[in-house]
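A quick write-up on the structure given underneath.
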DNA sequence: TAAATAGTGTCTCTAAGACATTATTTG
DNA sequence: CAAATAATGTCTTAGAGACACTATTTA
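Residue numbers (the numbering used here), protein chains in the order written: chain A, 531 to 770; chain B, 531 to 770.
Set out below in structure tokens:
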């Protein structure tokens, strides 16, 4: 029998964590939630900004996604956001404490639902605006890379899905939804084409109410399905 | 100091693995490579078919993707396939040996490059045809679900990328590439539209040679870039 | 020259972009 | 009624689908 066969179970196991890119729109800008690493010098990257996250607790989390939802609830008080797995990044060197794999999720939440949770380490949670697809602070670990993966995914999917609707507090008007698209895409969107596109997918329902913000009141809508986005048959700008 | 704070490092760590859905086209059908679990009754799911994969070896694999490439090389002898991470699935119950996370990758390889590696456990590696998007055997663990996630991703991306080109032995003719699309999509593709679409993206280069299989010889092409697919501005059938 | 496969041309259709126009409100 | 914002209408355009047609080979 060869001696090179791996053992049935590995002697050493990697660290396993989940990290979240939680996005919202505030003050007409896309923001991401960051937390400060503990100041304790025995921890890696003390006092640096990082994506909220943490290790799987095998006694507590039933699934990877449960762990992500738990973290989100702890930080924001929100328990049913739009949540999507972006991917996993694992290597021997990304965490000085050892071989580690992290699982990146992104969440979209309407900012008025958020109650940043006080207490313990969450007191240092803060919204950071995204300038040119990135955050100005330098982040702990490889979190800058994880964040840009999440942003890249968001950016790509906004071209052909209704994701920005999950950033709007319900009910919302069509101009508000359009603005949400423009903020995420960071470019102007043509109104008439936008409306045809949205209505063709029929994922909104009228509340019957209107909102009087500017001059002519705008019709209010809510999502027909809170649990999944709508898909458009084409992207916004097929070439550009 | 509260006693509910998690420890800096978790006491228990999940098992971490990689599983591969390796696709190829043989005999005009999409196939996936499966391996038999060891017959040893002390192992879970003895003698069942499973996706090739295994635990991360922290002393050996530098990254998650390295681990996937290593497994692929061990099973097929191929070292630079198209390889893409599909996602991670983790839960307390998916492996009877404990909390486990697996990372699913899919690979596309031209079947004539493959040399199924003999020896040890690899002697039991076999190509299985996909009928109606699935394999007829029942698979170990949650591998049926992992496989369908991989197939779903492949299916979705074929609508707007050049992925089927990675299934064709180079050089290939346009009718051969079209057939590759039809096999993966499991539907007919219209020739004229197909050719316009392919040439518009300019990801092929002519070899100058032709292949004489049927009557009129067909021009031979190879990929301009082996490392990434081309993206089309629209999907194949915008509605249907 | 018939059969078969490779490759092209033409017309239609769908959904997006541009941009002008109409509608409804407040001051 | 003027200003402002909401909503609609019309024309163009890009790229896919349908399908007829031409081109090049072998038997």
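All C-beta atoms in this analysis are idealised placements derived from N, C-alpha and C, irrespective of residue type, glycine included.
### Within 9 Å, strictly: CB atoms of residue 711 of chain A and residue 761 of chain A
Indexing the first chain from 1 puts residue 711 of chain A at position 181. Indexing the first chain from 1 puts residue 761 of chain A at position 231. No. Outside cutoff.
### Query
By how many angstroms is the C-alpha of residue 765 of chain A removed from the C-alpha of residue 551 of chain B?
Here residue 551 of chain B refers to the residue found at position 21 of the second chain. Here residue 765 of chain A refers to the residue found at position 235 of the first chain. One C-alpha to the other measures close to 29 Å.
### Query
If you compare alpha carbons, which of A/565, A/758, A/745 and A/560 is closest to residue 705 of chain A?
On the first chain, position 175 is the one that residue 705 of chain A refers to. The candidate whose alpha carbon is nearest that of residue 705 of chain A is A/745.
### Helix, strand or coil at residue 755 of chain A [DSSP, three-state]
Your numbering for residue 755 of chain A matches position 225 in the first chain. Reduced to three states, the DSSP call for residue 755 of chain A is coil.
#### Entry: CB contact check: residue 545 of chain B to chain A, cutoff 9 Å
As a first step, residue 545 of chain B is located in the second chain; it is residue number 15 there, counting from the start. For residue 545 of chain B, the answer is yes, since a Cβ of chain A falls inside 9 Å of its Cβ.
### Message
Helix, strand or coil for residue 729 of chain B? Go by DSSP, reduced to three states.
### Response
Translated into positions along the second chain, residue 729 of chain B becomes position 199. In the structure shown, residue 729 of chain B sits in a helix (DSSP, three-state: H, G or I).
### Message
I'd like to confirm the pairing. Which residues does DSSP put opposite residue 761 of chain A in its beta bridges?
### Response
Within the first chain, the letter at position 231 stands for residue 761 of chain A. In DSSP, residue 761 of chain A forms a bridge with A/691.
### Task
Could you tell me whether the Cβ of residue 569 of chain A comes closer than 9 Å to any Cβ of chain B?
By one-based count along the first chain, residue 569 of chain A stands at place 39. Cβ-Cβ to chain B under 9 Å: no for residue 569 of chain A.
### Query
Around the C-beta of residue 708 of chain B, are 16 or more other C-beta atoms found within 10 angstroms, so that it is buried, or is it exposed?
What you label residue 708 of chain B is simply residue 178 of the second chain in a count that begins at 1. Residue 708 of chain B comes out buried.
### Message
Could you give the first and the last residue of the continuous beta strand (DSSP E) run that contains residue 655 of chain A?
### Response
Counting from 1 along the first chain, the entry for residue 655 of chain A is found at position 125. Segment 655-659, the beta strand (DSSP E) holding residue 655 of chain A.
### Query
Using the beta-carbon of each residue, which ones in chain A are nearer than 9 Å to residue 637 of chain B?
Position 107 of the second chain holds residue 637 of chain B. Residues of chain A passing the Cβ test: none, with the nearest at roughly 16 Å.
#### Entry: Contact belief for residue 616 of chain A with residue 636 of chain A at Cβ below 8 Å, rounded distance in angstroms
What you label residue 616 of chain A is simply residue 86 of the first chain in a count that begins at 1. What you label residue 636 of chain A is simply residue 106 of the first chain in a count that begins at 1. Indeed, because the Cβ distance is near 6 Å, the residues count as touching under 8 Å.
### Message
For the structure I just gave you, are there three or more beta carbon pairs, one from the segment 674-681 of chain A and one from the segment 630-645 of chain A, closer than 8 Å?
### Response
yes
### Task
Give the straight-line distance between the Cα atoms of residue 695 of chain B and residue 728 of chain B, rounded to the nearest whole angstrom.
As a working note, residue 695 of chain B is residue 165 in the second chain. As a working note, residue 728 of chain B is residue 198 in the second chain. If I take the Cα positions, the gap works out to 11 Å.
### Task
Mind listing the chain B neighbours of residue 592 of chain A? Cutoff is C-beta to C-beta under 7 Å, in chain order.
As a first step, residue 592 of chain A is located in the first chain; it is residue number 62 there, counting from the start. Within 7 Å Cβ-Cβ: 621 and 622.
### Query
Should residue 595 of chain B be labelled buried (16 or more other beta-carbon atoms within 10 Å of its own) or exposed?
As a position in the second chain, residue 595 of chain B is number 65, starting the count at 1. Burial call: buried.
### Query
For the 8 Å Cβ check, are there 3 or more pairs between the segment 596-615 of chain B and the segment 548-568 of chain B?
yes
### Message
If I measure Cβ to Cβ from residue 737 of chain A and keep anything under 7 Å in the same chain, skipping five residues before and after, which residues do I get?
### Response
What you label residue 737 of chain A is simply residue 207 of the first chain in a count that begins at 1. Same-chain partners within the cutoff: 701, 750, 751 and 752.
### Task
Check whether the Cβ of residue 765 of chain B lies closer than 9 Å to any Cβ atom in chain A.
For the purposes of this step, residue 765 of chain B is taken as the residue at position 235 of the second chain. Taking Cβ atoms only, chain A reaches closer than 9 Å to residue 765 of chain B, which makes this a yes.
### Message
So, with DSSP's three-state summary, where would you put residue 627 of chain B?
### Response
Here residue 627 of chain B refers to the residue found at position 97 when the second chain is read from its first residue. In the structure shown, residue 627 of chain B sits in coil (DSSP, three-state: anything other than H, G, I, E or B).
### Query
So what does residue 545 of chain A bridge to, in DSSP terms?
Locating residue 545 of chain A in the first chain gives position 15, where the first residue counts as 1. In DSSP, residue 545 of chain A forms a bridge with A/630.
### Message
Considering only DSSP beta bridges, list what residue 619 of chain B is partnered with.
### Response
Walking along the second chain from the start, residue 619 of chain B turns up at place 89. Residue 619 of chain B pairs with B/632.
### Task
Note down the Cα distance separating residue 571 of chain A from residue 577 of chain A, rounded to an integer number of angstroms.
Counting from 1 along the first chain, the entry for residue 571 of chain A is found at position 41. Counting from 1 along the first chain, the entry for residue 577 of chain A is found at position 47. Taking the straight line from one Cα to the other gives about 9 Å.
### Task
At 8 Å on the CB atoms, spell out the chain A contacts of residue 538 of chain B, in chain order.
One-based indexing of the second chain puts residue 538 of chain B at position 8. Near residue 538 of chain B (Cβ distances below 8 Å), the residues of chain A are 572 and 573.
### Beta-carbon proximity check, residue 618 of chain A vs residue 618 of chain B, cutoff 9 Å
In the first chain, residue 618 of chain A corresponds to position 88, counting from 1. In the second chain, residue 618 of chain B corresponds to position 88, counting from 1. Yes, the Cβ-Cβ distance between residue 618 of chain A and residue 618 of chain B is below 9 Å.
### Backbone secondary structure at residue 652 of chain A - three-state DSSP
Position 122 of the first chain, counted from the start, is the residue given in the question as residue 652 of chain A. The predicted model places residue 652 of chain A with a pLDDT of 47, which falls under 50 and marks its position as unreliable; any figure quoted below should be read in that light. Residue state, collapsed to three classes: helix.
#### Entry: Neighbouring residues, chain A, relative to residue 627 of chain B (Cβ below 7 Å)
Against the second chain, residue 627 of chain B aligns to sequence position 97. Those are 539, listed as they occur along chain A.
### chain B residues whose Cβ lies nearer than 9 Å to that of residue 714 of chain A
Along the first chain, read from residue 1 onward, the residue named residue 714 of chain A stands at position 184. Per Cβ cutoff of 9 Å: no residues; residue 714 of chain A is ~20 Å from chain B at best.
### Message
Which residue marks the beginning of the beta strand (DSSP E) containing residue 737 of chain A, and which one marks its end?
### Response
One-based indexing of the first chain puts residue 737 of chain A at position 207. Where residue 737 of chain A is concerned, the enclosing beta strand (DSSP E) stretches over 734-741.
### Query
Which chain B residues sit within Cβ distance under 9 Å of residue 578 of chain A?
Stepping through the first chain from its first residue, residue 578 of chain A is reached at position 48. Those within 9 Å of residue 578 of chain A in chain B number zero; the least Cβ separation is about 16 Å.
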